[in-house]
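Residue numbers (the working numbering): 976 to 1145.
We put the CB at the ideal spot given by N, CA and C, even for glycine.
All values derive from a computational prediction rather than experimental measurement.
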Amino acid sequence: MIATVVVGNPKPASRTRAVGEAVVRTVLPDATVTVVELSSLAGELFTWGSPAVADAKTEVLSSDLVVVASPVYKASVPGLLKAFLDQFGRDELGARAVVPVMVGAARDHALAVEHHLRPVLVEIGASCPTRGLYVLESEVDTFASGLSSWLAVWLAPLRAVIGCGGQPRA
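Pasting the structure below:
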C-alpha cells in the first residue's frame, strides 16, 4: 500500500505534518509513505504546468490513501493548500480514499474540517469515508487517545474503501 500526506502548513516540519503522519502510520502501518510539504512548493503553486507541482500531484494520484493535513487559518484552509487542490480537475482523484485532517487553536473551528476542507476534496473526486479529524494544537503531543477514539468508529470503513475503492493503480 502507498500513502501520501499532503501538508498544507506554510511552516515546514510542522505539528500538522506530525498529525498527518500519525494518522497514516496508524491506519496503514506497513504502507510506503510520501509526504508532500506544500511549503516547499509555495513559489510554484501559481505557475500552471510546474514540474514540481505535477510531481506532487503524481504522488497523490498514485496513492491508495491520502491524508490531507491542514492548519485552520481564519476558520478555513490556508491559501497554500487551496492553490494545490485547485490544480486537480473535477473527480480527478477517482474515488481515492482521503482523510481530511485539521489542526487548530480552538474548538470553535472544529467544523472547518467538514465545512471547508471536505467539500473541496469531494469536488476533486475524493472518497472521504470518515468524519474529518480535528485536533487541537494544545493536544497534538497527546492526541493518540483522540485518534484511538476516532479509529474505533472509522478504521473499518476507511480500510474497506482503501481495499476496494478508487481506480485501478498502474
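Bounds of the alpha helix (DSSP H) holding P1094 are 1093 to 1098. Straight across, the Cα-Cα distance linking A1044 with T1022 is about 23 Å. For a cut-off of 8 Å, the C-beta gap from L1040 to A1027 is around 23 Å, too long to register as a contact. Here T991 is not near L1126, since their CB atoms are 8 Å or more apart.
Assignment of T1009 by DSSP, reduced to helix, strand and coil, places it in the strand class. Rounded to the nearest whole angstrom, the C-alpha separation of R1082 and R1093 is 18 Å. By the neighbour-count criterion, in which 16 or more other beta carbons inside 10 Å mark a residue as buried, L1086 falls on the exposed side. Comparing alpha carbon positions, the residue from T1007, S1102, S1124 closest to Y1109 is S1124.
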